Amino acid sequence: MSDVIGQGRLVVTDSAAPENSRHFGFQISQQQIQFYDLSDNDRMASLDWWLIVQESLGGMTDVSVPGHLVLSGLPATPNSAFLDIVVGADAVVNPSVFTLTVRQSAPFGVSSSGHIMFQDLDLTFTQTVSEVTVSGAVKVILFDPSEQPVTLTPAWDEGKLVFRATGPNVPVEQVGVIEQTQIEVNSVTHPWESLQVLYSLDIDPGSLIRDVSAQASIDLTVQTPNRVSWAEGALTTQSNAAIATAPRGTSRPIPPPRPVHRLVEACQATQEISIVVWLKPGNTRQDGPARIVTLSSGSSKRNFLIGQVKDRYVVRLRTTETNENGLVNDRDLLESPAKAVQQQPTCLVFTCSLSTSDRPNARLYIDGQQVDATKIGGDFSRWNNFELAIANEFN
């Protein structure tokens, strides 16, 4: 499917059996809204998926479904995804029509200068037999929050989604007239093909956090259920929480085969790794580094780590040119500036592609902004099948 302009994930929970839930990925293009069952990566048309929703939720016409939608052309930072999603079908007028609506009234996509921001997003994608139509609007403030927002309406332009001002001219106070305002949404490739693990923390799964990446599962076990809590679509951890790929109550060394070997082999095959983490730090006083996500066997041997040291984020990565702890000359590979840790929802992205290029190949992003980059050599041949853990080491 070409010209994908939106992608996301939805969770369907059976009203008769709340403990059961199914995770679905979806993509939007001008041709179709395509769904994927993330348990086996089976594809299905939107109306086929809608039948599953109706059966699970009791036959309602329109329903809000937990999940998210990323529109690659709308800069949604500090939240990279929109969460207010309503799906439905009009069984009375035309049973072959399916709709997916995404809304957000609060401001989003604020520029680094604080001058440009979007608000009042309300888009509906309608799947018919032959195509997907789009309607709705989003407002943008160009310079000053006190100014009247400019209303942009969506339209397809050769398979791409663009947003244009509703009138031919847009008056801007103290500036003049902008003759045209347009935002183009870029195409993206299929996101599930190289995705190795995906953990959804918006629904309490009990003691086992399922990997819903459509690969062979690398599930996480909540080793300390008394030190975690689930609320408002998030997992909250307390001090000394333990969440790792190892089975609960297991003793070390854990005998092979370990499910995590698939993740290690994938990174070794490509010599690349990307990690995306959504979190809300509890404080800016962490020592350590305090572990956010790590693939390790303890405090001194690891393949990678994203952590927090007081008001900074740090990254460690093991290659043939770093030590067993992922340090470079006893220093972290990447480090954010001071005061980068804020007690608010934050998106961390670490990416590395090992190569012989002299350009930086390891990068750290916070809310879409690059905060550090460096060149690292070597390869991942010294990686081990350690335990993947979040919020702490597996000790």
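First residue of the sequence shown: 0, per numbering that gives the first Met the number 0; consecutive thereafter. Quick reminder that beta carbons are idealized off the backbone N, C-alpha and C, glycines included. Keep in mind the model is a prediction, meaning the values are calculated, not measured.
Can you tell me which of the options puts its alpha carbon nearest to the alpha carbon of residue i?
i, options, result
"ILE27", "VAL161, ILE305, ASN19 and LEU70", "LEU70"
"PRO258", "ASN383, PRO336, VAL149 and ILE375", "ASN383"
"ASP378", "PHE393, SER134, PHE385 and SER354", "SER354"
"GLU392", "ILE32, ILE291, VAL137 and THR100", "ILE291"
"GLN103", "ALA88, SER129, SER95 and HIS67", "HIS67"
"SER193", "ALA80, ASP371 and CYS266", "CYS266"
"THR283", "GLY72, ASP210, THR373 and GLN343", "GLN343"
"SER134", "ILE140, PHE124 and VAL128", "PHE124"
"GLN30", "SER38, GLY306, LEU9 and LYS159", "LYS159"
"LEU332", "SER199, LEU304 and ARG358", "LEU304"
"ARG226", "PHE349, GLY205 and ASP329", "GLY205"
"SER212", "VAL3, ASP2, LEU9 and ILE4", "LEU9"
"SER380", "ILE365, THR319 and SER95", "THR319"
"ASP61", "VAL137, PRO288, SER20 and VAL101", "VAL101"
"VAL3", "ASN328, VAL11 and PHE34", "PHE34"
"THR269", "LEU99, THR350 and SER38", "THR350"
"TRP229", "THR223, LEU200, ILE217 and ASP371", "LEU200"
"VAL137", "THR127, PRO106, SER129 and VAL128", "PRO106"
"ALA339", "THR293, SER95 and LYS279", "LYS279"
"HIS22", "VAL86, HIS260 and ARG209", "ARG209"
"CYS346", "ASP83, GLY7, LEU197 and VAL276", "VAL276"
"GLU271", "SER238, LEU99, ALA388 and ALA361", "ALA361"
"ASP366", "TYR198, VAL139, GLY108 and ILE217", "GLY108"
By a C-beta neighbour count over all protein chains shown, 10 Å radius and 16 as the cutoff for buried, is residue i buried or exposed?
i, result
"GLY175", "exposed"
"ARG247", "exposed"
"GLU157", "exposed"
"VAL131", "buried"
"GLN368", "exposed"
"GLU386", "buried"
"ASP357", "exposed"
"LEU207", "exposed"
"ALA215", "exposed"
"PRO153", "buried"
"ALA16", "exposed"
"SER296", "buried"
Since residue i and residue j should fall inside the 8 Å C-beta cutoff, what is the C-beta to C-beta distance between them, to a whole number of angstroms?
i, j, result
"PHE97", "TRP155", "Their Cβ separation, rounded to whole angstroms, is 17 Å, which puts PHE97 and TRP155 out of contact at 8 Å."
"ALA240", "LEU219", "Not really, about 12 Å apart at Cβ, beyond 8 Å."
"LYS309", "GLN285", "6 Å"
"LEU363", "TYR312", "7 Å"
"LEU316", "ILE375", "7 Å"
Could you give the DSSP three-state label for residue i: helix, strand or coil?
i, result
"ASP357", "coil"
"LEU326", "coil"
"MET0", "Reliability of the predicted coordinates at MET0 is poor, the pLDDT of 42 falling under 50, and the value obtained from them is presented with this limitation in mind. The answer is coil: DSSP assigns MET0 none of H, G, I, E or B."
"ALA372", "strand"
"GLN53", "helix"
"THR269", "helix"
"PRO77", "Caution is warranted here: a pLDDT of 47 is assigned to PRO77, below 50, making its placement in the model unreliable, and the coordinate value is therefore given only provisionally. PRO77 falls in the coil class under three-state DSSP."
"LEU9", "strand"
"ILE128", "Checking the sequence, you will find Val at residue 128 rather than Ile. VAL128: coil per DSSP, three-state reduction."
"VAL420", "Since the first residue shown for the chain is 0 and the last is 394, residue 420 is missing from the structure and cannot be characterised."
"SER28", "coil"
"ARG226", "helix"
"ASP36", "strand"
"TRP155", "strand"
"SER238", "coil"
"GLN210", "Here residue 210 is Asp; the residue named in the question, Gln, does not match the sequence. Three-state DSSP puts ASP210 in a strand."
"TRP48", "helix"
"ILE217", "coil"
"THR244", "coil"
"ASP121", "strand"
"LEU82", "coil"
"GLY135", "strand"
Does any residue of chain D have a CB that is nearer than 7 Å to the CB of residue i?
i, result
"VAL348", "Although the question refers to chain D, the structure presented lacks it and comprises just one protein chain."
Is it the case that the CB of residue i approaches a heavy atom of the ligand PLP more closely than 6 Å?
i, result
"GLN30", "This structure simply doesn't include the ligand PLP, nor any ligand for that matter."
Completely contained beta strand (DSSP E) runs for the segment 282 to 358, where each covers 3 or more residues: Within the segment 282 to 358, the runs of beta strand (DSSP E) that reach at least 3 residues and sit entirely inside it are, in chain order, 289 to 295, 301 to 308, 311 to 316 and 345 to 352.
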